[in-house]
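Protein chains: 4
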Amino acid sequence: MLKRNKPKYKQIIEAAVIVIAENGYHQAQVSKIAKQAGVADGTIYLYFKNKEDILISLFQEKMGSFIEKIQKEIGGISSPTEKLYVLIEKHFQLLAADRHLAIVTQLELRQSNKELRLRINEVLKRYLKVVDDILIEGIEKGEFRKDLDVRLARQMIFGTIDETVTTWVMNEQKYDLVALAKPVHQLLTKGCAA
Amino acid sequence: MLKRNKPKYKQIIEAAVIVIAENGYHQAQVSKIAKQAGVADGTIYLYFKNKEDILISLFQEKMGSFIEKIQKEIGGISSPTEKLYVLIEKHFQLLAADRHLAIVTQLELRQSNKELRLRINEVLKRYLKVVDDILIEGIEKGEFRKDLDVRLARQMIFGTIDETVTTWVMNEQKYDLVALAKPVHQLLTKGCAA
Amino acid sequence: MLKRNKPKYKQIIEAAVIVIAENGYHQAQVSKIAKQAGVADGTIYLYFKNKEDILISLFQEKMGSFIEKIQKEIGGISSPTEKLYVLIEKHFQLLAADRHLAIVTQLELRQSNKELRLRINEVLKRYLKVVDDILIEGIEKGEFRKDLDVRLARQMIFGTIDETVTTWVMNEQKYDLVALAKPVHQLLTKGCAA
Amino acid sequence: MLKRNKPKYKQIIEAAVIVIAENGYHQAQVSKIAKQAGVADGTIYLYFKNKEDILISLFQEKMGSFIEKIQKEIGGISSPTEKLYVLIEKHFQLLAADRHLAIVTQLELRQSNKELRLRINEVLKRYLKVVDDILIEGIEKGEFRKDLDVRLARQMIFGTIDETVTTWVMNEQKYDLVALAKPVHQLLTKGCAA
DNA sequence: CATGAATGAGGATTCATTCAT
DNA sequence: GATGAATGAATCCTCATTCAT
Numbered sequence: 001m002l003k004r005n006k007p008k009y010k011q012i013i014e015a016a017v018i019v020i021a022e023n024g025y026h027q028a029q030v031s032k033i034a035k036q037a038g039v040a041d042g043t044i045y046l047y048f049k050n051k052e053d054i055l056i057s058l059f060q061e062k063m064g065s066f067i068e069k070i071q072k073e074i075g076g077i078s079s080p081t082e083k084l085y086v087l088i089e090k091h092f093q094l095l096a097a098d099r100h101l102a103i104v105t106q107l108e109l110r111q112s113n114k115e116l117r118l119r120i121n122e123v124l125k126r127y128l129k130v131v132d133d134i135l136i137e138g139i140e141k142g143e144f145r146k147d148l149d150v151r152l153a154r155q156m157i158f159g160t161i162d163e164t165v166t167t168w169v170m171n172e173q174k175y176d177l178v179a180l181a182k183p184v185h186q187l188l189t190k191g192c193a194a
Numbered sequence: 001m002l003k004r005n006k007p008k009y010k011q012i013i014e015a016a017v018i019v020i021a022e023n024g025y026h027q028a029q030v031s032k033i034a035k036q037a038g039v040a041d042g043t044i045y046l047y048f049k050n051k052e053d054i055l056i057s058l059f060q061e062k063m064g065s066f067i068e069k070i071q072k073e074i075g076g077i078s079s080p081t082e083k084l085y086v087l088i089e090k091h092f093q094l095l096a097a098d099r100h101l102a103i104v105t106q107l108e109l110r111q112s113n114k115e116l117r118l119r120i121n122e123v124l125k126r127y128l129k130v131v132d133d134i135l136i137e138g139i140e141k142g143e144f145r146k147d148l149d150v151r152l153a154r155q156m157i158f159g160t161i162d163e164t165v166t167t168w169v170m171n172e173q174k175y176d177l178v179a180l181a182k183p184v185h186q187l188l189t190k191g192c193a194a
Numbered sequence: 001m002l003k004r005n006k007p008k009y010k011q012i013i014e015a016a017v018i019v020i021a022e023n024g025y026h027q028a029q030v031s032k033i034a035k036q037a038g039v040a041d042g043t044i045y046l047y048f049k050n051k052e053d054i055l056i057s058l059f060q061e062k063m064g065s066f067i068e069k070i071q072k073e074i075g076g077i078s079s080p081t082e083k084l085y086v087l088i089e090k091h092f093q094l095l096a097a098d099r100h101l102a103i104v105t106q107l108e109l110r111q112s113n114k115e116l117r118l119r120i121n122e123v124l125k126r127y128l129k130v131v132d133d134i135l136i137e138g139i140e141k142g143e144f145r146k147d148l149d150v151r152l153a154r155q156m157i158f159g160t161i162d163e164t165v166t167t168w169v170m171n172e173q174k175y176d177l178v179a180l181a182k183p184v185h186q187l188l189t190k191g192c193a194a
Numbered sequence: 001m002l003k004r005n006k007p008k009y010k011q012i013i014e015a016a017v018i019v020i021a022e023n024g025y026h027q028a029q030v031s032k033i034a035k036q037a038g039v040a041d042g043t044i045y046l047y048f049k050n051k052e053d054i055l056i057s058l059f060q061e062k063m064g065s066f067i068e069k070i071q072k073e074i075g076g077i078s079s080p081t082e083k084l085y086v087l088i089e090k091h092f093q094l095l096a097a098d099r100h101l102a103i104v105t106q107l108e109l110r111q112s113n114k115e116l117r118l119r120i121n122e123v124l125k126r127y128l129k130v131v132d133d134i135l136i137e138g139i140e141k142g143e144f145r146k147d148l149d150v151r152l153a154r155q156m157i158f159g160t161i162d163e164t165v166t167t168w169v170m171n172e173q174k175y176d177l178v179a180l181a182k183p184v185h186q187l188l189t190k191g192c193a194a
């Protein structure tokens with residue numbers, strides 16, 4: 001059986017999300033995660049190479065299912081503009097539904113060292129690929145302009161979504177994030193121009 | 001004479017930028033900064049309360065002059081759309097001109113703890129205020145649409161600029177960042193729509 | 001099992017006594033104590049909250065057994081005057097038998113900060129209570145004079161014993177401390193006698 | 001002119017007493033003493049070899065005038081028993097009159113290192129000599145018993161006086177110390193009396 | 001004489017990781 | 001597989017002292 005399918009593997013990752021969200025990245029000691037997961041400190045190392053591996057795995061697992069869910073949702077949609085809307089809405093929905101995960105991805109995991117963030121970026125690329133594909137399809141289908149710089153447009157889309165979620169988390173998730181999907185989508189597709 | 005006008009104050013901040021950029025946030029020991037600045041370890045503490053104070057001061061000094069320069073540039077411009085362009089271009093120019101500072105602001109300083117990031121955010125607000133003012137003026141002058149959500153638009157603008165710079169830094173500053181000012185400005189003002 | 005009954009707990013305390021006696025309070029680094037105890041530096045912190053906690057525990061353990069031994073000795077004696085003699089003799093015997101402990105209690109521990117000394121005083125109070133009890137019993141039994149000020153008499157007894165031991169330690173324990181029990185007792189009881 | 005007769009010499013010593021009494025031995029930095037004395041840090045070193053020298057000088061100056069005053073008082077008295085009374089009363093009076101000095105000599109200076117305390121003891125010996133002389137005279141004049149062990153009696157006298165003052169200081173000088181001179185004298189002379 | 005900016009040595013503590021049981 | 005006691009490397013800051021002015 002694959003390591004990542006064993007119950008304790010998932011148990012430890014869920015514990016890590018909770019511990020990091022509640023204590024902050026720098027106060028999330030391995031012993032705290034072990035305690036939260038209900039296992040001994042040493043047991044962690046039967047499932048993860050080291051502490052960094054927990055965090056990378058956490059991001060891979062969570063981001064993986066994140067991307068899968070979004071791909072499934074936009075799979076049946078033909079309009080790229082519409083696909084972009086669903087991507088934004090789903091992105092907001094998934095993070096709004098998991099307060100802990102939102103804190104971890106938007107605030108805490110960014111405190112990790114450069115090394116870890118490079119690994120995280122590799123995972124992110126799969127997400128950015130989804131955005132790229134929508135953009136390319138949109139250009140081909142004539143919904144987006146021909147001379148659109150896909151890389152820049154993707155940076156705008158991701159940058160805007162990310163900044164919107166981060167601001168929401170830093171405001172202690174006080175307002176309805178999902179409700180912003182529509183105006184954000186409008187901004188991104190139509191722009192500020194009069 | 002104010003502490004922050006003394007030569008060693010600036011000397012230490014410049015040293016901190018270099019050391020953090022070259023060694024990373026977590027490998028930027030006080031002794032390394034002192035050595036780079038050409039002063040004794042203890043001298044650091046004649047000018048800064050503690051290590052965190054160096055980082056906060058660094059950000060305040062750099063971001064402060066950053067904002068001042070941008071404000072000066074857009075001061076003489078009447079069109080908000082044009083102002084936004086100059087803001088983007090200047091933002092890119094200033095960071096492209098200081099490789100070390102770009103690494104520090106886009107990557108290293110984000111690893112700081114929540115406390116420090118809150119302090120950094122206070123400084124950032126002044127920048128976001130500049131963006132907001134441009135947007136409000138744009139709406140009033142009829143260059144931007146009446147129903148524009150200023151907060152969301154600001155999050156798009158800052159998120160896009162930030163993501164663009166970060167991607168550039170993570171790609172080792174291999175391409176011309178300033179050249180992106182025009183298409184980014186176009187994207188932000190006109191959007192992706194055909 | 002209680003932390004204080006584990007072998008390493010006692011091992012570390014014994015090491016602390018030796019290191020402090022041989023190097024002095026301010027030269028008794030945690031790493032030195034760990035080395036003397038044959039454990040890693042970090043192990044100290046599995047048994048003690050911090051360095052101060054080692055010193056407080058040391059005093060509590062040693063003074064605790066000190067008081068117990070004295071109480072056991074005087075338990076079977078009926079005459080308060082005789083009790084006082086045994087207390088003095090036992091006090092001298094116990095410190096004369098442990099050169100290191102004598103140095104630590106008479107010289108080194110007094111260099112501790114006010115906070116620590118307040119904690120030490122709490123332990124000392126138990127000792128002073130034993131003296132008080134002897135004095136009160138002596139007054140009741142008519143061996144000591146009715147108008148004896150118990151507090152002052154206790155200060156005389158403790159002050160004299162303490163000064164005698166300190167002088168002996170400062171003279172490098174060159175003469176026989178225990179032999180002084182009899183003349184000291186004589187001096188002290190004349191002051192108290194009815 | 002002798003260094004110790006210059007105004008700044010005395011100024012610094014008075015400052016040291018105040019700073020140590022108010023901040024504690026370990027919080028009495030040279031810079032604090034300099035500030036309190038109204039001189040620059042460096043000036044301290046024109047009058048004292050090092051920090052330890054300040055403390056030794058402080059004790060020498062204060063203890064010196066302490067002993068002189070006591071010697072002057074007992075000079076005109078013929079009875080050794082009476083002399084002892086005046087010594088105790090004067091000892092209590094002088095410390096009761098200078099709260100700061102009492103704190104410094106009874107609590108703070110004892111936190112100094114072994115080296116410093118050895119130096120302090122040399123000064124103390126002059127005081128103990130005064131006691132010894134009274135005792136010897138008392139034996140010769142038949143007021144104290146012939147077989148009195150002078151060294152032990154001196155340790156009792158000094159130990160008792162010292163313990164009494166220390167207890168009074170630790171009780172925040174709440175009660176009348178001088179009033180204790182009489183009962184303390186009574187306790188001590190009974191032990192010595194012929 | 002006086003200044004005060006600059007110096008730099010020194011140590012308690014944390015926590016990821018190991019390994020004997 | 002699971003445990004958790006033990007390890008030990010690594011760093012910020014203080015403050016007595018100096019010396020150029």
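Protein chains in written order, with the UniProt record's numbering: chain A, 1 to 194; chain B, 1 to 194; chain C, 1 to 194; chain D, 1 to 194.
No residue lacks a Cβ here, since even glycine has one placed at the ideal position from N, Cα and C.
Check	Outcome
Interfacial residues, the UniProt domain "HTH tetR-type" (6 to 66) of chain D to chain C, with Cβ spacing under 7 angstroms	Gly-24, His-26
Interface residues of the region 93 to 126 of chain C facing chain D [CB-CB below 9 angstroms]	Leu-107, Glu-108, Arg-110, Gln-111, Ser-112, Asn-113, Lys-114, Arg-117, Leu-118, Asn-121
8 angstroms Cβ cutoff, D:Lys-146 in contact with chain C	no
Test item: CB-CB of D:Ile-20 and D:Ala-37 under 8 angstroms	no
Short CB-CB distance (under 8 angstroms) between C:Gly-138 and chain D	no
Proximity of B:Glu-143 and B:Ser-79 at Cβ, strictly below 8 angstroms	yes
Per-residue burial, D:Leu-58 [other beta carbons within 10 Å of its own, 16 or more giving buried]	buried
Proximity test, Cβ basis, 8 angstroms: A:Leu-187 and chain B	yes
From C:Ala-96, C:Gln-111, C:Lys-51, C:His-185, residue whose alpha carbon lies closest to that of D:Leu-116	C:Gln-111
Assigned exposure category for C:Tyr-175 - 16 Cβ within 10 Å defines buried	exposed
C-alpha gap between C:Gln-27 and C:Ala-97, whole angstroms	24 angstroms
Cβ neighbours of A:Ile-67 in the same chain (closer than 7 angstroms, five flanking residues each side left out)	Arg-126, Tyr-127, Val-130
Near-chain A residues of the region 157 to 179 of chain B (beta-carbon distance less than 9 angstroms), N- to C-terminal order	Ile-157, Phe-158, Gly-159, Thr-160, Ile-161, Asp-162, Glu-163, Thr-164, Thr-166, Thr-167, Met-170
CB contact below 8 angstroms: C:Asp-133 versus chain D	no
First and last residue of the uninterrupted alpha helix (DSSP H) at D:Ala-34	30 to 37
The alpha helix (DSSP H) enclosing D:Val-86, as first and last residue numbers	80 to 96
Spatial distance of A:Leu-55 from C:Leu-46 (CA atoms)	27 angstroms
Rounded separation between A:Trp-168 and A:Leu-148 - CA only	29 angstroms
Proximity test, Cβ basis, 8 angstroms: C:Leu-152 and chain D	yes
8 angstroms Cβ cutoff, B:Val-130 in contact with chain A	no
Check whether A:Ile-136 and A:Val-150 have beta carbons under 8 angstroms apart	yes
N- and C-terminal bounds of the alpha helix (DSSP H) containing B:Tyr-9	7 to 23
Cβ-based burial, D:Ala-181 [other Cβ within 10 Å; buried from 16]	buried
Distance CB(D:Gly-138)-CB(D:Thr-81) smaller than 8 angstroms	yes
B:Met-156 beta carbon less than 8 angstroms from that of B:Leu-177	no
Residue burial classification, D:Glu-108 (beta-carbon count within 10 angstroms, cutoff 16)	buried
6 angstroms Cβ shell around A:Thr-166 - same chain, five flanking residues per side excluded	Gln-106
Minimum C-alpha distance to C:His-100 - residue among C:Pro-7, C:His-185, C:Asn-5, C:Val-17	C:Val-17
Neighbourhood of B:Phe-48 by C-beta, 6 angstroms cutoff - its chain only, sequence neighbours within 5 removed	Ile-54
Closest residue to C:Asn-121 among D:Met-170, D:Ile-77, D:Glu-89 (Cα-Cα distance)	D:Met-170
Under 7 angstroms by beta carbon: chain C residues contacting D:Pro-183	Asp-149, Leu-152
Backbone CA spacing between B:Glu-52 and D:Lys-8 [nearest angstrom]	40 angstroms
Proximity of C:His-185 and C:Leu-84 at Cβ, strictly below 8 angstroms	yes
A:Ile-70 to A:Asp-133 span [Cα, whole Å]	13 angstroms
Beta carbon proximity, C:Lys-83 to chain D, threshold 8 angstroms	no
Straight-line Cα distance separating C:Leu-87 from C:Gly-75	11 angstroms
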